[in-house]
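Worksheet for the structure shown next.
Residue numbers (this note's numbering): 1096 to 1286.
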């Protein structure tokens, strides 16, 4: 009888340990799953940066409202059914200074075919970006990166950054750094 009760106690202890191990496994898994989110939130809180979903080719990126240089806010729902090019630039970027005229000419030529171009300056001063656009007379829309747009920009390194979104709203191409005339012309395949 003593052996039977010892066996029952041992089985009960093993079951309890198994339940604990199972619970610890669940807790560990949930901590591992939420760790990147918590890390991003803690970095946001300590650095003042804003976390944003990563833009991935083949997916529909979230396009937050963009503060335009004119003071208005641009909402991207107006681009439904059109090809959209988004470019990040800076007034002091030598590669942007070469690419922007090409992008502007491409936009002027193809806007009637359903092309929209919206650019995002990462300048710190609104007046710098406004003067740049005024001096060059570009036809495309331009905004100034707020914290959300800066978070999108900082997902990759380099300037200019160009993103092509097709008529269905799917990200199709990402270009980092300067595009040459032939590269810009190849964007016609999305029209």
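Here a beta-carbon is modelled for each residue, glycine too, at the ideal position from N, C-alpha and C.
Subject >> Exposure of residue 1240, with buried meaning 16 or more beta-carbon neighbours within 10 Å >> reply: Here residue 1240 corresponds to residue number 145 of the chain shown, with the count starting at 1. Buried, by the Cβ-count rule.
**OP:** Please name the residue in 1263, 1252, 1218, 1268 whose C-alpha comes closest to that of residue 1334.
**Re:** For the chain, the structure presents residues 1096 to 1286; residue 1334 sits outside this window and is missing.
Original post:
If you draw a straight line from the C-alpha of residue 1135 to the C-alpha of residue 1147, how long is it?
Top reply: Looking up residue 1135 in the chain shown gives position 40. Looking up residue 1147 in the chain shown gives position 52. Confidence at residue 1135 is low in this model, with a pLDDT of 41, below 50, so its placement is unreliable and the value that follows should be read with caution. Taking the straight line from one Cα to the other gives about 9 Å.
Subject >> Spatial neighbours of residue 1126 in its chain, beta-carbon cut-off 8 Å, leaving aside the 5 residues before and after >> reply: Translated into positions along the chain shown, residue 1126 becomes position 31. In this prediction, residue 1126 scores a pLDDT of 36, lower than 50, which makes its location untrustworthy; the coordinate-derived value is nonetheless stated afterwards. Correct list: empty, nothing qualifies.
Subject >> Neighbourhood of residue 1284 by C-beta distance below 8 Å, restricted to the same chain and skipping five residues each side >> reply: Mapped onto the chain shown, residue 1284 falls at position 189. Correct list: empty, nothing qualifies.
**OP:** Assign residue 1040 to one of three DSSP states: helix, strand, or coil.
**Re:** The chain is shown only over 1096 to 1286; residue 1040 falls outside these bounds and no answer can be derived.
**OP:** Could you round the C-beta distance between residue 1270 and residue 1257 to whole angstroms and report it? I think they count as a contact, below 8 Å.
**Re:** Within the chain shown, residue 1270 is the residue found at index 175, counting from 1. Within the chain shown, residue 1257 is the residue found at index 162, counting from 1. At roughly 4 Å, the Cβ-Cβ gap stays under 8 Å, so residue 1270 and residue 1257 are in contact.
Original post:
Among all the DSSP beta bridges, which residues are the ones paired with residue 1161?
Top reply: For the purposes of this step, residue 1161 is identified with residue 66 of the chain shown, where counting begins at 1. Looking at the DSSP assignment, residue 1161 forms a beta bridge with 1169.
Original post:
So, are the CB atoms of residue 1170 and residue 1209 less than 7 Å apart?
Top reply: On the chain shown, residue 1170 is found 75 positions in, with the first residue counted as 1. On the chain shown, residue 1209 is found 114 positions in, with the first residue counted as 1. Not in contact: residue 1170 and residue 1209 (Cβ atoms no closer than 7 Å).
Original post:
My guess is that residue 1158 and residue 1238 are in contact by the Cβ rule of under 8 Å, so how many angstroms apart are they, rounded?
Top reply: Within the chain shown, residue 1158 is the residue found at index 63, counting from 1. Within the chain shown, residue 1238 is the residue found at index 143, counting from 1. Contact flag wrong, Cβ pair sits at about 11 Å.
Subject >> Within the region 1174-1259, ranges of the alpha helix (DSSP H) (whole runs, at least 4 residues) >> reply: 1189-1205, 1221-1231, 1242-1248
Subject >> For residue 1174, the nearest candidate out of 1212, 1189, 1249 (CA to CA) >> reply: The sequence position of residue 1174 within the chain shown is 79, counting from 1. Nearest C-alpha to residue 1174: 1212.
Subject >> Segment contact flag, the region 1273-1282 with the region 1218-1229, C-beta cutoff 8 Å, min 3 pairs >> reply: Cβ pair count under 8 Å is below three, so no.
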